[in-house]
Amino acid sequence: MKMKLSVISAAILSSSLLLSPAISMAKLPVAVNGQQLPTLAPMLEQITPGVVSIQVSGSKEVRRRATPFDDFFGVPRGGSQKREFSGLGSGVIIDADEGYVVTNNHVIEDAEKMVVTLEDGREYEATKIGSDKESDIALLQIDAEDLTALKIADSDQLRVGDFAVAIGNPFGLSHTVTSGIVSALGRSGLNIEGYEDFIQTDAAINQGNSGGALVNLNGELIGINTAILGASGGNVGIGFAIPSTMMKNLVDQIIEHGEVRRGSLGISGRPLDAGLAKAQQLDVKQGAYVMQVMDDTAASKAGIKAGDVIISVDGTEISGFHELRSKIATLGEGKKVKLGIYRDGKVKTVNVTLDGASATTAAGEETHPAFQGATLENTQKSDGKGVEVTGVQARSPAARVGLEEGDVIMQVNRQRVETIRDMNKIIENTKGNIVLGVKRGRELIFVLIQ
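Using my numbering, the letters of the sequence shown correspond one by one to residues 13 to 462.
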């Protein structure tokens, strides 16, 4: 009986507490001992309206899997069919007056309809202004008023350890904010995109964050979130963003020309590593080693020579050839660039006006050392695309492996290649011997690179 009375008394007490006007929730302090508590809230309140949700829909051709019943029903084996799709990503408003929204190309690729949703719930159908698949950037436009645009920071000034905040719509959870630091700069060689110069961050990035904002503590845009590294497709503390400076260069070209017009130096080369530096007696730790300079190109006109090490672009140090290639390509045709060159134990600055990438298709391509001395160009022949050897220097590594002028490289280790980039990607991921399938005249021969 005592136990029952205790339970009833507790219930009455609990009820009276809930009904009592004297009980209220305590307010969190904004300061302790006169010191303001740290918070990102004021900054985020100003900039989150500049991050949007992008819903896409459309249809695309997909290969149909053959089934044992195809022959029975008279259906052609394989083939393709159209399938409807929909998706969700993020975007960043970079110009409030013009209604420009930047996102990833892979978010809107093949989309027939794109709907941008603002933080306040307003929805607008977007128009695609242009995109670049190789760098994974796309520019959209919406017709709307009272927009908030993010200020674009100079991402070349970032340092490892700087704080970073990611804003986006992971898994459709609108305007999710996560924080971390800049974990690394100039990340490349991941084979996520054609041109890679990523900011790496441990700010949580998940599916749906693509195209969203990476900002500094001032609320300025330092990158466009684009990829994650994780077996499950979820966050493991390794995310990548396209630097804001790279993005701006690409967007400016899209606005001006309707497309990206890549810059070109007219060189082939490789990253400088400890072994190469020791062999060439170079007193420099990192950079892009120039293996060959093509005739009548931006590099040759500027006086760049084979054996030079390019160590900086416009005063910003580069880690290797991948980074050089990405920076040059995204700066654009006709841009004037200052390159830091290490030569004969001294560092000098060279002024270069970039060619268009069409001027020499081998420009800025990283190549295997065995191709040194060969001039390579993407080509289109009657029997398909390939990599044509348009010249071979006598007694060069390329000549020693057996390449000849006029050869067209069609295969690498039995895999079909159509461009220099295709060839390089396969070679990069190959351990051991490399066998080139080469069209020479009417014959297909094989060239071994050990």
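We treat Cβ as the ideally placed atom computed from N, Cα and C, and that holds for glycine.
Residue span of the beta strand (DSSP E) that contains residue i, given as start and end
i	result
L277	Premise fails: L277 is in no beta strand (DSSP E) and is neither H nor E.
Q384	Q384 -> no beta strand (DSSP E), and no H or E assigned at all.
K397	G396 to V404
G449	I446 to R452
A348	Looking at the sequence provided, one finds Lys at residue 348 rather than Ala. Residues K348 to R355.
M306	Premise fails: M306 is in no beta strand (DSSP E) and is neither H nor E.
K358	K358 to T365
E294	In the sequence as presented, Glu is not what sits at residue 294; that position holds Leu. Per DSSP, L294 belongs to no beta strand (DSSP E) and is neither H nor E.
Q423	V420 to V424
V459	E455 to I461
V429	V429 -> no beta strand (DSSP E), and no H or E assigned at all.
I330	From DSSP, I330 is part of no beta strand (DSSP E); its letter is neither H nor E.
Neighbourhood of residue i by C-beta distance below 6 Å, restricted to the same chain and skipping five residues each side
i	result
R452	D419
V272	D144, L262 and Q265
A108	L159 and A161
V296	V321 and Y354
G403	T387 and E417
V362	A314, L351 and I353
D251	For clarity, residue 251 is Gly in the given sequence; the question names Asp instead. Excluding residues within five positions, the ones whose Cβ falls inside 6 Å are T213, I217 and I240.
A382	P409, V413 and I461
K348	T365
P61	E131 and T160
S98	S69
A215	A176, A178, T190, S191 and G192
A311	L277, G278, I279 and V305
The alpha helix (DSSP H) enclosing residue i, as first and last residue numbers
i	result
E335	F333 to L343
Q58	A53 to I59
S186	No alpha helix (DSSP H) holds S186; DSSP gives it neither H nor E.
S439	Reading the sequence as shown, one finds Ile at residue 439 and not Ser. It spans I432 to E440 - the alpha helix (DSSP H) in which I439 sits, taken as one unbroken run.
V413	P409 to V413
L288	A286 to A291
A314	A310 to A314
Chain-order list of residues whose beta-carbon lies under 8 Å from that of residue i (same chain, five-residue window excluded)
i	result
V359	I323, G352 and I353
K317	V302, V305 and R355
I236	V104, V114, T115, N116, I149, G223, G224, A225, L226, A253, I254, S256 and M259
G220	L100, G101, S102, G180, N181, P182, F183, G184 and L185
D155	G111 and Y136
E124	S69, G70 and S71
E345	R273, R274, G275, S276, L366, D367, G368 and A369
I330	G198, Q298, G299, A300, I322, I323, S324, L336 and K339
F458	V447, L448, G449 and V450
V64	S102, G103, V104, I105, V113, V128, T129, L130 and E131
Expected contact under 8 Å - CB spacing of residue i and residue j to nearest Å
i	j	result
E232	I164	7 Å
N228	A176	7 Å
I240	I211	Contact flag wrong, Cβ pair sits at about 13 Å.
G194	D174	The sequence as given places Val at residue 194; Gly does not occur at that position. With a Cβ gap of about 5 Å, V194 and D174 count as contacting.
V128	L151	In fact, because the Cβ distance is near 12 Å, the residues do not count as touching under 8 Å.
V429	G396	About 10 Å separates the two Cβ atoms, so there is no contact after all.
T334	G201	Looking at the sequence shown, residue 334 is not Thr but His. The Cβ separation is near 6 Å, so the contact holds.
I106	I66	Rounded, the Cβ-Cβ distance is 14 Å, inconsistent with contact.
G332	L288	With a Cβ gap of about 11 Å, G332 and L288 do not count as contacting.
7 Å CB neighbourhood of residue i in its chain, flanking five on each side removed
i	result
I446	V424, N425, I439 and I461
Q58	G231
T12	The question about residue 12 has no answer here: the residues shown for the chain are numbered 13 through 462.
A196	V172 and Q212
G270	G142
T342	S147, Y207, M258, N261 and L262
Q384	M303, Q304, S408, P409 and A410
G444	none
M435	V399, I421, V424 and V429
E205	E146, S147 and D148
L415	A386, V401, V404 and V459
- In chain order, which continuous runs of the beta strand (DSSP E) of length 3 or greater are located wholly inside the region 117-175? 125-129, 135-137, 139-144 and 149-153
- Message: With a threshold of 8 Å, are at least 3 pairs of Cβ atoms found where one atom belongs to the region 91-104 and the other to the region 177-191?
- Response: yes
- Query: Going along the chain, which unbroken runs of the alpha helix (DSSP H) with 4 or more residues stay wholly within the region 201-278?
  - Reply: 256-269
- Query: Is the number of C-beta pairs between the region 149-168 and the region 187-195 that are closer than 8 Å three or more?
  - Reply: no
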